[in-house]
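Note sheet for the following structure.
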Amino acid sequence: MTDNPIQREPSQSQPLIDAHHHLWALDGQVAYPWLEDSPVENFFLGDYAAIRQPFQVADLKRLIPTGYRLVGSVHCEAEASRPQAEKETRWITEQAAIHGLPSAHVGWAAFGTEACAAQLDAQCDSALFRGVRAKPVTAATPQTRQTVTGTSGSLQDPRWCEGLALLQERGLSWDLRVPAWHLEEAATTLQDYPGLRVILNHSGLPWDRTPEGLAQWRAGMRALSENPNVAVKLSELGTPWHAWDTSANHELLCEVLDVFGPRRCLFASNFPVSGLKVSYGDWLSLVTGAIAQTASHDQRQIAFDQVLHDNAIHWYRLPIAAITHDARPTQHARQEAP
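Below, the structure is given as structure tokens:
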């Protein structure tokens, strides 16, 4: 793995945009049942008592390693009480006004319900609102995948997928979060929404690290990469069935970069959740090491700037100047930000 691969002058620091993190105050303004009530069973990273405490902008800023400058961030909905989705969006907007971060917010809406359109429109009142993360029903294991296929709330449920159409109509994006055994299904579903901007969460969640599981993940990642409107966050490689493996996770990041290319990969921390398995600095080093290994020497700094900074600006339409100014002739580029 490459050490200290950033090539900027010593007097400079690498601009960084964290494309996926969470914030919560736990002060009663917004309720988070999974953090404030009884712990949920079978949390995918195990015991999460360490993050059942406030995590706010100042806490995020303190995690940024020397040599980097956090210039923007994207907040992703943090499983707030579902009736309070709009309240979470307002709270995040207030935090940005006070602290200058986050730069954008990915909220939530109730796909498959009559309320969905109104929820989206209400959240569009926030200048930070860019889209939603609404999770379809998924199977707990690859062996049980067929038990949910076609059920209510699944990727094959036409009523649930109406939410994707509502996003597309409004120029909003969808943060896609499914375990690897549903990636090919997601690619198939997205064929019906050719104008929808999609950002795949957490490196496609390759939880099953068996040869069969990784083959399924690779097939799904390739299928999604064929859609030019899909990007992927280099984030969260913790798995419920395996111990943290730095070397294996490095190789997985390299594979994601090879499949999607440096223009469709975004650095993201998933903090504070990922902090249960890895420090912020170590995760950032893991990502930059993968970039260094997969980019040619003459393109390395460009790849750093794209993955660590510019791609988040493009995919989340952030009001921040890009470094590389490369053209992006994707279908969704014609859509205006809300």
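For the sequence shown, full-length UniProt numbering begins at 1 and goes up steadily by one. Cβ atoms here follow ideal geometry from the backbone N, Cα and C, with glycine treated the same way.
Asked, Found
"If we require 3 or more residues per run, which beta strand (DSSP E) segments fall completely within the stretch 243-296?", "265-267"
"Taking His-174 as part of the alpha helix (DSSP H), name the residues at either end of that continuous run.", "Per the sequence shown, the amino acid found at residue 174 is Trp instead of His. Segment 173-176 is the beta strand (DSSP E) holding Trp-174; no alpha helix (DSSP H) there."
"Check for me: the alpha helix (DSSP H) holding Gln-168 runs from which residue to which?", "158-170"
"Can you say whether Arg-130 is buried or exposed, counting buried as having 16 or more other CB atoms within 10 angstroms of its CB?", "buried"
"Going by alpha carbons, who is nearest to Ser-296 out of Leu-257, Lys-277, Asp-310 and His-314?", "Leu-257"
"List the endpoints of the continuous beta strand (DSSP E) containing Asp-18.", "14-21"
"Which two residues bound the contiguous beta strand (DSSP E) that contains Val-57?", "Note, Val-57: premise wrong, no beta strand (DSSP E); alpha helix (DSSP H) at 57-62."
"Label residue 345 either buried or exposed according to how many other C-beta atoms from any shown protein chain fall within 10 Å of its C-beta, with 16 as the threshold for buried.", "As displayed, the chain neither begins before 1 nor continues past 338, which places residue 345 out of reach and without an answer."
"Along the alpha helix (DSSP H) that carries Ile-199, what are the first and last residues, could you check?", "Run containing Ile-199: none in the alpha helix (DSSP H); it sits in the beta strand (DSSP E), 197-200."
"Enumerate in chain order the residues of its own chain whose CB-to-CB distance from Lys-87 is below 7 Å, with the five nearest sequence positions on each side excluded.", "Val-30"
"So the candidates are Leu-276, Thr-147, Leu-172 and Gln-293; which of them puts its Cα closest to the Cα of Ala-49?", "Leu-276"
"What did DSSP end up calling Lys-233 once you bin it into helix, strand or coil?", "strand"
"Give, in chain order, every unbroken run of the beta strand (DSSP E) that is at least 3 residues long and sits entirely within the stretch 63-121.", "68-76 and 104-107"
"Is the stretch 264-272 touching the stretch 218-233, taking contact as three or more C-beta pairs under 8 Å?", "yes"
"Under the DSSP definition of a beta bridge, which residues are partnered with Val-132?", "Gly-107 and Trp-174"
"If you drop the 5 nearest sequence neighbours on each side, which residues of the same chain put their C-beta closer than 8 Å to that of Phe-44?", "Trp-207, Gly-238, Thr-239 and Pro-240"
"Taking the C-alpha atoms as reference points, what is the distance between Ala-58 and Ile-17?", "15 Å"
"In the structure shown, what three-state DSSP assignment does Trp-315 receive?", "helix"
"How would you label Asp-310, buried or exposed, when you count the other beta carbons within 10 angstroms and need 16 or more for buried?", "buried"
"In the DSSP output, which residue or residues are listed as bridge partners for Thr-239?", "His-242"
"Can you determine whether any heavy atom of the ligand MN sits closer than 6 Å to the C-beta of His-21, and answer yes or no?", "Questions concerning the ligand MN fall outside what the structure shown contains, since it holds no ligand whatsoever."
"When you compare each of Thr-144, Cys-161 and Asp-125 to Ala-110 by their alpha carbons, which one comes out closest?", "Cys-161"
"Sorted by chain position, which residues of the same chain lie with C-beta nearer than 7 Å to Pro-179's C-beta, five sequence neighbours on each side aside?", "Thr-138, Leu-205 and Trp-207"
"Of the choices Leu-196, Trp-217, Gly-195 and Gln-191, whose alpha-carbon is the least far from that of Ser-203?", "Trp-217"
"Please tell me whether Trp-315 and Ile-199 are closer than 7 Å, where the distance is taken between their beta carbons.", "yes"
"For the alpha helix (DSSP H) containing Gly-150, list its first residue and its last residue.", "Segment: none, Gly-150 is in no alpha helix (DSSP H) and carries neither H nor E."
"Do you know offhand how far Ser-11's Cα is from Thr-66's?", "Per-residue confidence for Ser-11 stands at a pLDDT of 45, beneath the threshold of 50, marking its modelled position as unreliable; no derived number is given."
"Classify Ala-69 as buried or exposed, calling it buried when 16 or more other Cβ atoms lie within 10 Å of its own Cβ.", "The sequence shown places Arg at residue 69, rather than the Ala named in the question. The residue in question, Arg-69, is exposed, as its Cβ has fewer than 16 Cβ neighbours within 10 Å."
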